[in-house]
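J.: Starting off with a structure, shown below.
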Amino acid sequence: MARAQFSAETAGSGEFVRQPNRFTGRVTPHSTSPPGGGPDEQDRWPLEAGRYRLIWCRACPWAHRARIVRGLLGLADVISLGTVDPIRDERGWRFALDPDGFDPVLGIGFLSEAYLATDADYTGRVTVPALVDTLTGRVVTNDYPQLTLDFSTEWRRFHKPDAPDLYPVELRPELDALMAEIHRDVNNGVYRCGFATSQEAYDEAYLALFARLDALSERLAGRRYLMGDAITEADVRFFTTLVRFDVAYHGHFKCNRQKLTEMPVLWAYARDLFQTPGFGDTVDFDHIKRHYYGTHREINPTGIVPLGPDLSGWATPHGRG
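The end of the sequence shown is residue 321 by UniProt numbering, with every number in the run present.
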C-alpha cells in the first residue's frame with residue numbers, strides 16, 4: 001500500500017477519512033454572554049463587529065468558501081481577514097506573508113499557536129478557515145460548513161442592504177441535501193481520490209466524483225445556478241472545487257477522466273461564477289498550485305509546480321444567464 005499523506009486520516013482500507021472539526025463554537029446574537037465576554041454554556045460567543053478575525057489561505061477550498069461568503073454579504077468591515085502562506089510545513093500554517101512573519105492583529109507566527117491557546121492538548125491537523133477571537137486569541141470555530149451558514153444567518157444584522165440570501169429558509173431542505181451530496185462526492189471526493197492509498201479506495205472515489213459531476217452538469221443544463229436563478233451557498237461550495245480542478249485535482253489528485261474545460265456545462269457555469277464580483281477576484285491560481293504541488297510530498301515528492309494549464313479561458317464569455 002502506498003504511503004499516506006495524512007496517516008492519521010487514512011483507514012486500513014486505504015480510504016482518506018477527514019478528521020472532525022475540533023472547534024465548533026458559534027458567534028450568534030442569541031449568546032447569553034455580555035459584550036466582550038467569552039462563550040456561554042452552549043459555546044455561543046457574543047455577536048460583535050470588529051472582534052473576530054477570519055484566518056484563511058488562498059489555496060484552500062474550505063477557507064475560500066468563507067472568504068467569498070464574507071465578501072458577498074458585506075461583512076468585510078465587520079470580520080477582519082488574516083492570510084496564511086500557501087506552503088505548509090510540519091509546523092502547519094504560518095503567517096509568512098505578513099511583515100516579520102506575524103499576524104498584525106493576533107501577534108502570532110503560526111495558526112497552531114491559536115489552536116494550542118484554545119486547547120493545550122490539541123494534536124490534530126491545524127486547518128483553515130479558523131475564526132479567532134482577537135480579545136483572547138482563542139479559536140472560536142474551525143467548523144467550515146457551519147461557519148458560512150452562520151455568516152448568512154447569525155450575522156444578518158451586519159449584512160449590506162443588497163446582500164444576497166445565500167441560505168433561503170424555504171430552500172433549506174433541498175439545499176442541505178444537495179450540499180451533502182456535493183461535499184461527499186465532489187468537495188471531499190477529490191481528496192478521497194488524491195489521498196487514497198489503495199487502488200480500490202481510489203477507484204470508488206473516482207467513480208463517485210464523476211458520477212456526481214455528470215449529475216450536476218445535467219442539473220445545470222436547465223438552470224443558471226444550482227437552485228435556480230439566484231446564487232446560493234451551494235454554488236459557493238461547488239465553485240471552490242471547480243476553480244481548482246484543472247490546476248490541481250485533474251493531475252495532482254488523478255481526477256483525470258476529463259478536465260473542467262472538457263465538460264461544457266460545468267465549464268460555462270464555473271466561468272459565469274468566476275466573472276461574478278466576489279468570486280474570481282478572490283482566486284489566486286499561483287497560491288493554489290504552489291500549495292498542492294509543494295506540500296503534498298507523498299504525492300509529489302519532487303515538489304515541482306507545473307507551469308500550466310492555460311488560464312486565459314476563465315475570462316472568455318460564458319453564454320449563461
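Virtual Cβ for every residue (Gly too), placed ideally from N, Cα, C. What you are looking at is a predicted structure, and each value in this text was computed from that prediction instead of being measured.
#1: Please say whether V186 and L220 have beta carbons closer to each other than 9 Å?
#2: Secondary structure at V190, three-state DSSP: helix, strand or coil?
#3: DSSP three-state call for I55: helix, strand or coil?
#4: Along the chain, where does the alpha helix (DSSP H) containing R65 start, and where does it finish?
#5: Measuring straight from C-alpha to C-alpha, what distance separates V105 and C57?
#6: Out of R67, I182, T261 and G109, which one is the CA nearest neighbour of S152?
#7: Going by DSSP, name the residue or residues bridged to T24.
#8: Determine whether the beta carbon atoms of F239 and F279 lie at a separation below 9 Å.
#9: How would you write the range of the alpha helix (DSSP H) that G294 sits in, first residue to last?
#10: Once you ignore the five residues that flank D77 on each side, which residues in its own chain have a CB closer than 7 Å to its CB?
#11: My output table needs one value for P46: the three-state DSSP class, helix, strand or coil.
#12: Using C-beta distances below 8 Å, list every residue in its chain close to L266, excluding the 5 sequence neighbours before and after it, in chain order.
#13: Would you check if there are 3 or more beta carbon pairs closer than 8 Å linking the stretch 116-123 to the stretch 190-197?
#14: When the distance is taken between beta carbons, is R51 closer than 9 Å to T134?
#15: Span of the alpha helix (DSSP H) holding V236?
#16: Suppose the cutoff is 8 Å on Cβ atoms and the five residues either side in sequence are ignored; what does the same chain contact list for L111 look like?
#17: Given that a residue counts as buried once 16 or more other Cβ atoms are within 10 Å of its Cβ, and exposed if not, what is H30?
#18: Just checking my contact of L72 with P164 at CB under 8 Å: how many whole Å lie between their CB atoms?
#19: Is Y225 near D235, with beta carbons less than 9 Å apart?
#20: To the nearest angstrom, how far is it from the Cα of T136 to the Cα of S33?
#21: Measuring alpha carbon to alpha carbon, tell me which residue in M179, V283, T24 and Q199 is nearest W314.
#22: Tell me, please, whether the CB atom of R297 is closer than 9 Å to any CB atom in chain C?
#23: Where do the N-terminal and C-terminal ends of the beta strand (DSSP E) with R80 fall, by residue?
#24: From this set, S13, T28 and L147, which residue's C-alpha is nearest H64's C-alpha?
#25: Going by beta carbon distance, what residues of the same chain come within less than 7 Å of residue 329, once the five residues before and after it are set aside?
#26: In chain order, what residues of the same chain lie with their CB nearer than 6 Å to the CB of D272, ignoring the 5 residues before and after it?
#27: Just to confirm, is the Cβ distance from N21 to D150 under 9 Å?
#28: Might you give, ordered along the chain, the residues of its own chain that have their beta carbon closer than 8 Å to the beta carbon of Y293, omitting 5 neighbours on each side?
#29: Considering only residues of the stretch 92-178, which uninterrupted alpha helix (DSSP H) runs meet the minimum length of 4 residues and lie entirely inside it, listed in chain order?
#30: Which whole-angstrom value describes the C-beta separation of T295 and I87, a residue pair presumed to lie in contact below a C-beta threshold of 8 Å?
#31: Measuring alpha carbon to alpha carbon, tell me which residue in S13, H183 and E41 is nearest residue 337.
#32: Under the assumption that T232 contacts Y167 (Cβ atoms under 8 Å), give the Cβ distance between them as a whole number of angstroms.
T.: With the structure as the only source:
#1: Looking up residue 220 in the sequence shown gives position 220. Looking up residue 186 in the sequence shown gives position 186. Judged by beta-carbon spacing, V186 lies beyond the 9 Å limit of L220, meaning their Cβ atoms are not closer than that value.
#2: Translated into positions along the sequence shown, residue 190 becomes position 190. Note: V190 maps to helix in three-state DSSP.
#3: On the sequence shown, position 55 is the one that residue 55 refers to. In this structure, I55 counts as strand in the three-state DSSP scheme.
#4: Stepping through the sequence shown from its first residue, residue 65 is reached at position 65. Run containing R65: P61 to L72, per the alpha helix (DSSP H) assignment.
#5: Walking along the sequence shown from the start, residue 105 turns up at place 105. Walking along the sequence shown from the start, residue 57 turns up at place 57. Their backbone Cα atoms lie some 16 Å apart in a straight line.
#6: Position 152 of the sequence shown, counted from the start, is the residue given in the question as residue 152. Taking only the C-alpha atoms, the option nearest S152 is R67.
#7: Mapped onto the sequence shown, residue 24 falls at position 24. According to DSSP, which records beta bridges pairwise, T24 is partnered with T141.
#8: As a first step, residue 239 must be located in the sequence shown, where it is residue number 239. As a first step, residue 279 must be located in the sequence shown, where it is residue number 279. It is a contact, given that the beta carbons lie within the stated cut-off.
#9: Sequence index remark: in the sequence shown, residue 294 carries index 294 (1-based). Its alpha helix (DSSP H) spans residues F285 to T295.
#10: Within the sequence shown, residue 77 is the residue found at index 77, counting from 1. For D77, where only same-chain residues beyond five positions count, there are no Cβ hits under 7 Å.
#11: Here residue 46 refers to the residue found at position 46 when the sequence shown is read from its first residue. Here P46 sits in strand by DSSP.
#12: Taking the sequence shown and counting its residues from 1, one reaches residue 266 at position 266. Contacts found: L213, L216, S217, L220, L242 and L260.
#13: no
#14: Locating residue 134 in the sequence shown gives position 134, counting from the first residue. Locating residue 51 in the sequence shown gives position 51, counting from the first residue. Yes, they are a contact pair.
#15: For the purposes of this step, residue 236 is taken as residue 236 along the sequence shown, with counting starting at 1. Looking at the DSSP string, the run of the alpha helix (DSSP H) that includes V236 is E233 to L242.
#16: Counting from 1 along the sequence shown, the entry for residue 111 is found at position 111. These residues qualify, in order along the chain: I55, V84, G92, W93, R94, F95, V126, V128 and A130.
#17: Indexing the sequence shown from 1 puts residue 30 at position 30. When all chains shown are included, H30 counts as exposed.
#18: In the sequence shown, the residue the question calls residue 72 occupies position 72. In the sequence shown, the residue the question calls residue 164 occupies position 164. Yes, L72 and P164 are in contact; Cβ-Cβ is about 6 Å, under 8 Å.
#19: Residue 225 sits at position 225 when you count from the first residue of the sequence shown. Residue 235 sits at position 235 when you count from the first residue of the sequence shown. Taking 9 Å as the Cβ cut-off, Y225 and D235 qualify as a contacting pair.
#20: Walking along the sequence shown from the start, residue 136 turns up at place 136. Walking along the sequence shown from the start, residue 33 turns up at place 33. If you take the alpha carbons of T136 and S33, they lie about 15 Å apart.
#21: Counting from one through the sequence shown, the residue named residue 314 turns up at place 314. Out of M179, V283, T24 and Q199, V283 has the C-alpha closest to the C-alpha of W314.
#22: Absent from the structure is chain C; it holds one protein chain and no more.
#23: Sequence index remark: in the sequence shown, residue 80 carries index 80 (1-based). The sequence as given places Ser at residue 80; Arg does not occur at that position. It spans S80 to T83 - the beta strand (DSSP E) in which S80 sits, taken as one unbroken run.
#24: In the sequence shown, residue 64 corresponds to position 64, counting from 1. With distances taken between Cα atoms, H64 lies closest to L147.
#25: A question about residue 329 goes unanswered here, because the residues of the chain that appear run from 1 up to 321.
#26: Taking the sequence shown and counting its residues from 1, one reaches residue 272 at position 272. Hits under 6 Å: H318 and R320.
#27: Taking the first residue of the sequence shown as 1, we reach residue 21 at position 21. Taking the first residue of the sequence shown as 1, we reach residue 150 at position 150. In this structure, D150 does not lie closer than 9 Å to N21 by Cβ.
#28: Position 293 of the sequence shown, counted from the first residue, corresponds to residue 293. Within the same chain, Y293 has close Cβ partners A248, H252, N300, G303, I304, V305 and P306.
#29: 111-118 and 144-153
#30: As a position in the sequence shown, residue 295 is number 295, starting the count at 1. As a position in the sequence shown, residue 87 is number 87, starting the count at 1. About 6 Å; that satisfies the 8 Å criterion.
#31: Nothing about residue 337 can be reported from this structure: the residues present for the chain run from 1 to 321 only.
#32: Reading the sequence shown from its first residue, position 232 is the one you call residue 232. Reading the sequence shown from its first residue, position 167 is the one you call residue 167. That belief holds up - the Cβ atoms of T232 and Y167 are roughly 7 Å apart, short of 8 Å.
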